[in-house]
Amino acid sequence: MMGVRMRVVGLAALLLATGCTAAPGSYEHEFNTKGCGPVTYADVRGQPPAYGAVQLARFPNDHAMCAGRWVPGADDWLVPQGMTIADGTAYVAGFDGTQMGRHRLCTMQSMELKTGEPITSRYPVRGRVGPRLPTDCRHGGGVVADEHGVWLAETQRLWLLDPDTLKPTRGWALAEPVRGSFAVFGRDGRLGLGRFRAENPARLWWFDVDAMLASSAYELDEGDAMDAVRIPPDTQGALWAELGGVGPGLWLARSNTTCGVLVGPDGRSRSFVPGAEGMALTGPNQLWVVSESGSRLYQEKGRPMTPMLARFDTSDMKRWAEPRCDP
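Numbered according to mature numbering (1 follows the signal peptide of the UniProt record, and there is no 0), the sequence shown spans residues -22 to -1, 1 to 305.
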């Protein structure tokens, strides 16, 4: 099911973005393409933030953005990073934007996707890796789910969480060069862990989930991987899917807080929501993505206002515009 189990479905250039090269108005026609969007600020469900602009930023291909959600905790400096969706519940990982470096502990929460209402939250996320002393998750970046539970990836560790309590039930350490900047389920249920690099190509490693769970080992290195693939710089999220007749294959979200690019298995790059990270599907061509650009941390730095969760209709993916910026 698009590489995700447990009926789990896993969920740009701007006119004012400084990182873009196009002149204002030079691609205004791309904003007027037929589609379900663009979504307005008033259309976004959930508790709206008390900060930032009250108008969403425009970007090429926002004609396909059909819905948006605010994530609970936005006013408390939550910076969302990873996301997946299971049976109508969105699981969102992030960090506290008031903290720096190693003090950016993971926040993990579940919310009703339909309404944006919170269900459960956990902060900090603390667990054991094998016989080691309990430790806190830091800067959780990847979230996926299957019949075993919710998987939360961070830079140096991988956690399996109970989907109801969000409490870790098992943990693995990640040995260099393997890193968990983001996570994805691939074909045949393989678990992919990807490494973020801002300037140089990186890698994504594929692991056998059944073998991991059957083993008593609590460390994963590249020797444990079934395979590895090169990925472009600035990759922040991934999804194995068929979108708009393209694929099935690996889709990659490349971004910074002013620019979003969606790279398809056909090798094409398309404009995407700024700050795009984790992605998930809730049905054919119903693509959800989490964006960090609308968080308080980045709004105070003048970044584009975006919904924290956004749903795109990808049925016309083959006609999506190319990016006008590069992360």
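Beta carbons: idealized from backbone N, C-alpha and C, even for Gly.
Pull up the distance between the alpha-carbon of Ser99 and that of Leu56, whole angstroms please.
-> 12 Å
Between which two residues does the alpha helix (DSSP H) containing Asp188 stretch?
-> Val187 to Ala192
Helix, strand or coil at Arg69 according to DSSP, with G and I counted as helix = In the sequence as displayed, the identity of residue 69 is Tyr instead of Arg. Looking at Tyr69 - three-state DSSP - the assignment turns out to be strand.
Between Gly72 and Pro102, what straight-line distance do the alpha-carbon atoms span, to the nearest angstrom?
-> 11 Å
Residues that Thr76 bridges to, as DSSP identifies them | Paired residue(s): none; Thr76 is not in a bridge.
Would DSSP call Gly215 helix, strand or coil?
-> strand
Complete runs of the alpha helix (DSSP H) confined to the region 228 to 290 [at least 4 residues] = 274 to 277
Got a sec: does the ligand GTP put a non-hydrogen atom nearer than 7 Å to the Cβ of Gly46?
-> No copy of the ligand GTP appears in this structure; indeed no ligand is present at all.
Measuring CA to CA, which of Gly79, Trp266, Lys279 and Arg297 is closest to Ala64?
-> Trp266
So what's Asp199 in DSSP terms, helix, strand or just coil?
-> coil
Range covered by the beta strand (DSSP E) that runs through Glu90 = Cys84 to Glu90
Please state whether DSSP places Ala52 in a helix, a strand or coil.
-> helix
Residues sharing a beta bridge with Ser99, DSSP = Gln87
Length of the line joining the Cα atoms of Val17 and Lys92 | 16 Å
Got a sec, what are the start and stop residues for the beta strand (DSSP E) Val128 sits in?
-> Gly127 to Ala131
Tell me whether Asp205 sits in a helix, a strand or coil according to DSSP, three-state version.
-> strand
Determine, using beta carbons only, whether Ala45 and Arg289 come nearer to each other than 8 Å.
-> yes
Could you give the C-beta distance for Gly242 and Gly256, rounded to a whole number, given that I count them as a contact under 8 Å?
-> Contact doesn't hold; Cβ gap of about 17 Å is too wide.
For Met78, does the count of other Cβ atoms within 10 angstroms reach 16, so buried, or fall short, so exposed?
-> exposed
Residues bridged to Phe174 [DSSP beta-bridge criterion] | According to DSSP, Phe174 bridges with nothing at all.
Can you name the start and end residues of the beta strand (DSSP E) that residue 387 belongs to?
-> The structure shown does not extend to residue 387, since the chain spans only -22 to 305, so no value can be given for it.
Let me know the secondary structure DSSP gives Asp294 once reduced to three states.
-> coil
Segment limits, beta strand (DSSP E) that includes Leu152 | Pro146 to Leu152
Tell me, please, whether the region 118 to 138 touches the region 270 to 283 by the rule of three or more beta-carbon pairs shorter than 8 Å.
-> no
By Cβ distance, which residues of its chain are closer than 7 Å to residue 306, with the 5 residues on each side in sequence left out?
-> Given that the chain is displayed from residue -22 to residue 305, the structure contains no residue 306 and the question cannot be resolved.
Apart from the five residues on each side of it in sequence, which residues of its chain come closer than 8 Å, Cβ to Cβ, to Met61?
-> Gly(-13), Leu(-12), Ala68, Tyr69, Val70, Ala71, Val121, Glu255, Gly256, Met257, Ala258, Trp266, Val267, Val268 and Leu287
Is the region 103 to 117 touching the region 147 to 157 in the sense that three or more CB pairs, one from each, lie closer than 8 Å?
-> yes
Starting from Asp124, follow the beta strand (DSSP E) in both directions and report where the run begins and ends.
-> Gly120 to Asp124
According to DSSP, residues forming a beta bridge with Arg23 = Arg47
Around the Cβ of Gly66, are there at least 16 other Cβ atoms within 10 angstroms (buried) or fewer (exposed)?
-> exposed
Count the other C-beta atoms from every protein chain shown that fall within 10 angstroms of the C-beta of Pro179, then say buried if there are 16 or more, exposed otherwise.
-> exposed
Among Gly158, Thr143, Glu95 and Gly94, the one whose alpha carbon lies nearest that of Arg116 = Gly158
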